[in-house]
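Just so you know, my numbering puts 419 at position 57 of the sequence shown, and the rest follows in order with no gaps.
Read through the structure below, which is laid out as structure tokens, and then see the notes.
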Amino acid sequence: PENDIFFENDSVSGYHAEIYHLPDGTFQICDLDSTNGTWVNGQRVRVKILRNGDVVELGEVRLHFRIGDD
């Protein structure tokens, strides 16, 4: 499978995590046994429902999860 998003950073695994849009409208992140882990708001997670404003870290890459028009 191909990656939808690719980061040129050695701290991010080739297949690091997946984000799913669930039928109830929520979003879920799942770590794919990455080397450096997937972190949400400073806590390492394997599976987590994401909330608006969450900070997601994939290795050294930091993402701000936003839902809506902002």
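The beta-carbon is built from N, C-alpha and C at its ideal position, and this holds for glycine as well.
- Excluding the 5 residues preceding and the 5 following Ser373 in the sequence, name in chain order all residues of the same chain whose CB lies nearer than 6 angstroms to its CB. The residue you call residue 373 lines up with position 11 of the sequence shown. Cβ within range, chain order: Asn398, Gly421 and Glu422.
| query | Near Tyr382, which residues of its chain fall below 6 angstroms by C-beta distance, leaving aside the five closest residues on each side in sequence? | reply | On the sequence shown, residue 382 is found 20 positions in, with the first residue counted as 1. Contacts found: Gln390.
message: If I follow the unbroken beta strand (DSSP E) through Asp393, where does it start and stop?
response: As a position in the sequence shown, residue 393 is number 31, starting the count at 1. Segment Phe389 to Asp393, the beta strand (DSSP E) holding Asp393.
* Check the DSSP bridge columns for Leu499 and list the partner residues they point to. => Residue numbering for the chain in the displayed model covers 363 to 432; residue 499 lies beyond these limits and cannot be assessed.
| query | Quick one: Cα of Leu412 to Cα of Asn371, how far? | reply | Along the sequence shown, read from residue 1 onward, the residue named residue 412 stands at position 50. Along the sequence shown, read from residue 1 onward, the residue named residue 371 stands at position 9. Their backbone Cα atoms lie some 23 angstroms apart in a straight line.
Practice prompt. Go ahead and label Val409 buried or exposed: buried means 16 or more other beta carbons lie within 10 angstroms of its beta carbon, across all protein chains shown.
Written response: For the purposes of this step, residue 409 is taken as the residue at position 47 of the sequence shown. Classification for Val409: exposed.
Residues near Leu384 by beta carbon distance below 7 angstroms, same chain, minus five either side: The residue you call residue 384 lines up with position 22 of the sequence shown. For Leu384, where only same-chain residues beyond five positions count, the Cβ hits under 7 angstroms are Gln390.
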